[in-house]
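The working numbering applies: residue 109 is where the sequence shown begins, and numbers increase by one.
C-beta: ideal position from N, C-alpha, C; glycine also.
Because the structure is a prediction, the values reported are computed rather than measured.
Let me begin by presenting the structure, written as structure tokens, before commenting on it.
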Amino acid sequence: MTASKIIAISGSLRADSHNTQLLRAAQKFNPGGLDIEIYEDLRDIPPYDMDLDTPERRPAVVAELRRRVLEADGLLIATPEFNYSIPGVLKNALDWLSTDWTKTEGLPLHRKPTAILGAAPTNFGTVRAQLALRQVFVWTNSDVVVKPEVHVFRSHERFDGDGNLTDQVTIDLLQGLLSELRSKAEAARDRS
Ligand SMILES: Cc1cc2nc3c(=O)[nH]c(=O)nc-3n(C[C@H](O)[C@H](O)[C@H](O)COP(=O)(O)O)c2cc1C
Numbered sequence: 109m110t111a112s113k114i115i116a117i118s119g120s121l122r123a124d125s126h127n128t129q130l131l132r133a134a135q136k137f138n139p140g141g142l143d144i145e146i147y148e149d150l151r152d153i154p155p156y157d158m159d160l161d162t163p164e165r166r167p168a169v170v171a172e173l174r175r176r177v178l179e180a181d182g183l184l185i186a187t188p189e190f191n192y193s194i195p196g197v198l199k200n201a202l203d204w205l206s207t208d209w210t211k212t213e214g215l216p217l218h219r220k221p222t223a224i225l226g227a228a229p230t231n232f233g234t235v236r237a238q239l240a241l242r243q244v245f246v247w248t249n250s251d252v253v254v255k256p257e258v259h260v261f262r263s264h265e266r267f268d269g270d271g272n273l274t275d276q277v278t279i280d281l282l283q284g285l286l287s288e289l290r291s292k293a294e295a296a297r298d299r300s
């Protein structure tokens, strides 16, 4: 079987984001069978507007994100915690990915194999943000990996000065999460 295509989205726009570094670590410590592409255009996604949410009127950057997610075998999302929830930029992108009002295109997130993780310098390490993110994926009926949970707390202690993930416990958890995502992605491909 060819590798499953995974779109990886970081909820942080910060250049030195630990969440983006986690996605780079996912590429580096890929347990095999996954082709992980990091999505780079989150900052360009405009605010959700239902009047524009049609195949004809959707902004090009949104149409492109929807196409990529529809075509992908799975999603990997690394979220920071902002005010006990997920960042608005991430929620906004997920809102654009959650619809198909004309019932002609398919729902990009419907049954999509999805893995979530998150990093924060605090002691709680995105526990609340990840719960909020799981709640979003209930409405979208996405196929979310339940365990392992990967809460990278005190994230500043787990990367070296060049942004490389160096903490072995986190590397092991990350690989466990990716293996579960691979299982879901391969099962979904077998069904289709
Ligand atoms: C607006 C804002 C709200 C935040 N709220 C929380 C919070 O509720 N809980 C928490 O643990 N950290 C919070 N933080 C700290 C983030 O966890 C921290 O900025 C983290 O490094 C962001 O991830 P990044 O390294 O990927 O950019 C907040 C940061 C910002 C900018």
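Please find out if some non-hydrogen atom of ligand 1 comes closer than 7 Å to the beta-carbon of residue 257.
no
Residue 146 to residue 183 span [Cα, whole Å]:
10 Å
Counted within 10 angstroms of its Cβ, other Cβ atoms place residue 232 as buried (16 or more) or exposed
Exposed, since its Cβ has fewer than 16 Cβ neighbours within 10 Å.
Do you know how far the Cα of residue 220 is from the Cα of residue 214?
When rounded, the distance between both Cα atoms is 11 Å.
Return helix, strand or coil for residue 295, following the three-state DSSP convention.
helix
By how many angstroms is the C-alpha of residue 289 removed from the C-alpha of residue 255?
10 Å
Measuring alpha carbon to alpha carbon, tell me which residue in 117, 142 and 112 is nearest residue 153.
117
Among 151, 119, 129 and 173, the one whose alpha carbon lies nearest that of residue 217:
The shortest C-alpha separation from residue 217 is found at 173.
Residue 274: buried (16+ other C-beta within 10 angstroms of its C-beta) or exposed?
exposed
Can you tell me whether DSSP reads residue 287 as helix, strand or coil?
helix
Whose CB is closer than 5 Å to a heavy atom of ligand 1? List the residues in chain order.
120, 122, 125, 126, 127, 188, 189, 190, 191, 192, 228 and 230
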